[in-house]
Structure formats: C-alpha cells, structure tokens
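Okay, so the sequence shown: first residue is 234 according to my numbering, each after it adds one.
Notes follow the structure.
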Amino acid sequence: MEYKTVVDDKLALNRFAVDEHHRHITAHAEHMDQNMLNALLAVCPAGLYSLNPQGQLILEYAGCLECGSCRIICASRPGALTWGYPRATKGVFYRYG
Ligand code: SF4
Numbered sequence: 234m235e236y237k238t239v240v241d242d243k244l245a246l247n248r249f250a251v252d253e254h255h256r257h258i259t260a261h262a263e264h265m266d267q268n269m270l271n272a273l274l275a276v277c278p279a280g281l282y283s284l285n286p287q288g289q290l291i292l293e294y295a296g297c298l299e300c301g302s303c304r305i306i307c308a309s310r311p312g313a314l315t316w317g318y319p320r321a322t323k324g325v326f327y328r329y330g
C-alpha cells in the first residue's frame with residue numbers, strides 16, 4: 234500500500250466542523266518568498282496548500298489539522314500568515330481506529 238493512500242485513509246477518519254463564516258488561517262503570498270511557498274506546499278500534512286494554474290497560492294482551510302506547521306514556516310515573515318485556532322465547537326475532531 235502506498236504511503237499517500239495510508240495517510241489519506243487515516244485523514245478520512247477525522248471529522249471536521251467547518252466554520253463557513255471564519256477563516257482561521259489566511260495566507261498572504263505577497264509577503265512570502267519562493268522558499269517559503271515551497272515549504273508550505275511540502276509541509277502541510279493534509280496537503281491544503283496548492284498552486285492554481287496561474288501559480289497563485291491556494292489554501293483550503295476546511296481540512297486543517299491544526300498542527301501549526303505552516304505557522305512555524307511563516308514565523309520569520311510577519312504578515313505572511315494569519316493563524317489562529319477555529320472558534321469553539323469548530324475545527325477538526327480526531328478519531329482513531
Ligand atoms: S495548521 Fe497544519 S494542517 Fe493546518 S494548514 Fe497549517 S500545516 Fe496544514
């Protein structure tokens with residue numbers, strides 16, 4: 234079984250209460266350099282960062298695992314990322330098994 238399939242299967246066990254009215258993470262690509270962009274594309278365990286056909290950074294916050302990896306990547310560049318936890322009763326609910 235491929236690694237990607239195993240991870241996707243485990244991620245599919247989680248449940249998400251998406252807050253449609255509040256983005257708890259917003260990426261500001263205009264404050265990032267190419268190395269930071271590349272790191273974001275590689276580091277997110279849920280694969281939520283991607284580039285659209287025009288090469289613009291896309292973040293699908295709805296599947297966020299709240300791990301904080303992207304926050305660490307962008308910590309050296311103020312304004313690159315607005316990061317917070319989802320509001321109460323929203324976000325990821327981990328399920329194991
Ligand atoms: S906090 Fe973790 S899961 Fe959420 S977007 Fe950042 S890297 Fe991805």
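The C-beta atom is built at its ideal place from N, Cα and C for all residues, glycine as well.
The structure presented is a predicted model; accordingly, all values stated were derived computationally and were not measured.
Using the Cβ count rule (16 or more neighbours within 10 Å means buried), how would you classify residue i?
i, result
"residue 284", "exposed"
"residue 306", "buried"
Which whole-angstrom value is the C-beta distance of residue i and residue j, which I expect to be below 8 angstroms?
i, j, result
"residue 333", "residue 318", "Here the chain covers residues 234 to 330 and nothing more, so residue 333 does not appear."
"residue 248", "residue 326", "4 angstroms"
"residue 297", "residue 273", "Contact flag wrong, Cβ pair sits at about 13 angstroms."
"residue 246", "residue 279", "With 8 angstroms as the limit, residue 246 and residue 279 do not qualify as a contact, their Cβ atoms being about 13 angstroms apart."
I need the DSSP call for residue i, collapsed to helix, strand or coil.
i, result
"residue 272", "helix"
"residue 181", "Residue numbering for the chain in the displayed model covers 234 to 330; residue 181 lies beyond these limits and cannot be assessed."
"residue 251", "coil"
"residue 287", "coil"
What are the residues that DSSP puts in a beta bridge with residue i?
i, result
"residue 315", "259"
"residue 282", "292"
"residue 301", "Answer is none; residue 301 lacks a bridge partner."
"residue 325", "249"
Going by the C-beta, is residue i closer than 6 angstroms to any heavy atom of the ligand SF4?
i, result
"residue 275", "no"
"residue 303", "yes"
"residue 307", "no"
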